Amino acid sequence: MSESIAERWLSNGQVVSDWLACHIVRLHNMCTGTENKLSTLSDLEQKFRILRNYYENCEVVMGNLEITNIDHNRDLSFLRSIREVTGYVLVALNQFEYLPLENLSIIRGTRLYEDRYALAIFLNYRKGGPFGLRQLGLKNLTGTAFRMHFKAFLIRIVDLLNIKQSR
Numbered sequence: 530m531s532e533s534i535a536e537r538w539l540s541n542g543q544v545v546s547d548w549l550a551c552h553i554v555r556l557h558n559m560c561t562g563t564e565n566k567l568s569t570l571s572d573l574e575q576k577f578r579i580l581r582n583y584y585e586n587c588e589v590v591m592g593n594l595e596i597t598n599i600d601h602n603r604d605l606s607f608l609r610s611i612r613e614v615t616g617y618v619l620v621a622l623n624q625f626e627y628l629p630l631e632n633l634s635i636i637r638g639t640r641l642y643e644d645r646y647a648l649a650i651f652l653n654y655r656k657g658g659p660f661g662l663r664q665l666g667l668k669n670l671t672g673t674a675f676r677m678h679f680k681a682f683l684i685r686i687v688d689l690l691n692i693k694q695s696r
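Everything in the sequence shown is counted per my numbering, starting at 530 for the first residue and increasing by one.
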């Protein structure tokens, strides 16, 4: 009976074991993106739970990161683990104040929103209301990363600062 590939690798000792463990951990920290664009597939509570389940402890989003229709009182801290998105990032129709994507360093843009945007941020406020996006936490997303990893780079930010200052 012939020895399997896994058995041969494992017989090589600790180096192979460490290599496998490293790659298993990396696979574990990947998650699948979405392609819903602006559609609402469920009630807002269920949509938030799905978003959290998709991206909690995720470092690499394989596809698009779409953050849409989120209320102002939601804890989005689970997004801090995301370091890379292979598709586009869409942030739209939300009411939260802060986007906690501090560790996001690369948006590869293999798919573009509306075939134009690797990063699209728009309509993140309720008209006439006190809630909406005031601060982007994209401190690790640098111009160098954009030039190196985008086929085309356009940002659409609409009405980010057009929120009433009074509360």
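Glycine included, C-beta positions come from ideal geometry on N, C-alpha and C. Remember, it's a predicted structure, so these values are computed and weren't measured experimentally.
Three-state secondary structure (DSSP) of residue i
i: residue 636; result: strand
i: residue 624; result: coil
i: residue 595; result: strand
i: residue 646; result: strand
i: residue 554; result: The predicted position of residue 554 is uncertain, since its pLDDT is 44 and thus under 50; a value taken from the coordinates is nonetheless stated next. Looking at residue 554 - three-state DSSP - the assignment turns out to be helix.
i: residue 651; result: strand
i: residue 580; result: helix
i: residue 613; result: strand
i: residue 619; result: strand
i: residue 665; result: strand
Chain-order list of residues whose beta-carbon lies under 6 Å from that of residue i (same chain, five-residue window excluded)
i: residue 623; result: 599 and 653
i: residue 569; result: 598
Same chain only: Cβ atoms within 7 Å of residue i, ignoring 5 sequence neighbours per side
i: residue 630; result: 608, 611, 666 and 667
i: residue 554; result: In this prediction, residue 554 scores a pLDDT of 44, lower than 50, which makes its location untrustworthy; the coordinate-derived value is nonetheless stated afterwards. So the list is empty, once near-sequence residues are dropped.
i: residue 573; result: 598 and 600
i: residue 577; result: 599 and 603
i: residue 558; result: 586, 587, 588 and 589
Residue of the options minimising C-alpha distance to residue i
i: residue 628; options: 635, 643 and 603; result: 603
i: residue 641; options: 558, 566, 559 and 561; result: 566
i: residue 560; options: 577, 650, 573 and 583; result: 583
i: residue 634; options: 576, 588 and 625; result: 588
i: residue 658; options: 591, 558, 601 and 645; result: 601
i: residue 651; options: 645, 573 and 662; result: 662
Own chain, CB closer than 8 Å to residue i, minus 5 neighbours either side, in chain order
i: residue 571; result: 579
i: residue 655; result: 624 and 661
Test item: CB-CB of residue i and residue j under 9 Å
i: residue 593; j: residue 563; result: yes
i: residue 596; j: residue 620; result: yes
i: residue 575; j: residue 626; result: no
i: residue 605; j: residue 636; result: no
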